[in-house]
Amino acid sequence: MAHPEFQVKAGKDDQFYFSLTAANGQVVISSQGYKSKDGCKTGIASVKKNATNKKHFDRIDSKDGKHYFVLKAANSKVIGKSQMYTTKDSMENGIESVKSNVKTAKVVYL
39 MAHPEFQVKA GKDDQFYFSL TAANGQVVIS SQGYKSKDGC KTGIASVKKN
89 ATNKKHFDRI DSKDGKHYFV LKAANSKVIG KSQMYTTKDS MENGIESVKS
139 NVKTAKVVYL
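Numbers 39 to 148, taken from our numbering, label the letters of the sequence shown in order.
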């Protein structure tokens, strides 16, 4: 597989999910479940549109001292969530990875 890419797959719950991978193949953001493949495509388009605006990233500290971010659409709905990071700097690197990788990521159906 060539990265970066949006990987789309069907879950055991009959919903569709996407993950954005970085150039190294690591997942940097994952979606909620969508009822249809078309809904999932719309979610990917929303990530591409909203990842260019730093105001759409919410940075969150978890109870166990780790950090993560969510990407929100203009309507404040969460469209993607990151993995957990041990430092704020690594979380910021994850945000930068999303911002740069959405530009060239291809959509791949697994």
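We put the beta carbon where it would ideally sit given N, CA and C, even for glycine. Please read these numbers as outputs of a predicted model, since none were measured by experiment.
Handout entry: Local conformation of VAL1 per DSSP, three classes
Key = In the structure displayed, the chain extends from 39 to 148; residue 1 sits before or after that span and is not available.
Exercise for the section: State whether the segment 115–129 contacts the segment 139–147, with contact taken as three or more CB pairs (one from each stretch) at a distance under 8 Å. Expected result: The segment 115–129 is not in contact with the segment 139–147.
Practice task
Identify which residue in GLN45, ASP51, SER69 has its Cα closest to the Cα of GLY81.
Solution key: On the sequence shown, position 43 is the one that residue 81 refers to. Minimum Cα distance to GLY81 is reached at SER69.
Exercise for the section: Identify every run of the beta strand (DSSP E) within the segment 69–122, keeping only runs that are complete inside it and at least 3 residues long; order them along the chain. Expected result: Segments of the beta strand (DSSP E) lying fully in the segment 69–122: 95–99, 105–110, 116–119.
Handout entry: Close Cβ partners of VAL108 (< 6 Å) along its chain, the five nearest in sequence each way excluded
Key = On the sequence shown, residue 108 is found 70 positions in, with the first residue counted as 1. Within the same chain, VAL108 has close Cβ partners ASP96, VAL116, LYS119.
Handout entry: Below-8 Å beta-carbon distance, LYS93 vs any chain B residue
Key = In the displayed structure, chain B is absent; only one protein chain is listed.
Exercise for the section: Could you please give the first and the last residue of the uninterrupted alpha helix (DSSP H) stretch that includes VAL136? Expected result: As a first step, residue 136 must be located in the sequence shown, where it is residue number 98. Counting along the chain, the alpha helix (DSSP H) containing VAL136 begins and ends at 126–139.
Exercise for the section: Could you check how far apart the C-beta atoms of TYR147 and VAL85 are, in whole angstroms? I think they sit under 8 Å. Expected result: In the sequence shown, residue 147 corresponds to position 109, counting from 1. In the sequence shown, residue 85 corresponds to position 47, counting from 1. Contact doesn't hold; Cβ gap of about 16 Å is too wide.
Exercise for the section: Assign THR90 to one of two classes, buried (16 or more other C-beta atoms within 10 Å of its C-beta) or exposed (fewer than that). Expected result: Here residue 90 is taken as the residue at index 52 of the sequence shown, counted from 1. Exposed, because fewer than 16 other Cβ atoms sit within 10 Å of the Cβ of THR90.
Practice task
Determine the closest residue to HIS94 out of GLY132, ALA112, SER74, with distance taken between C-alpha atoms.
Solution key: To locate residue 94, count along the sequence shown from 1; it is residue 56. For the residues GLY132, ALA112, SER74, the minimum Cα distance to HIS94 belongs to ALA112.
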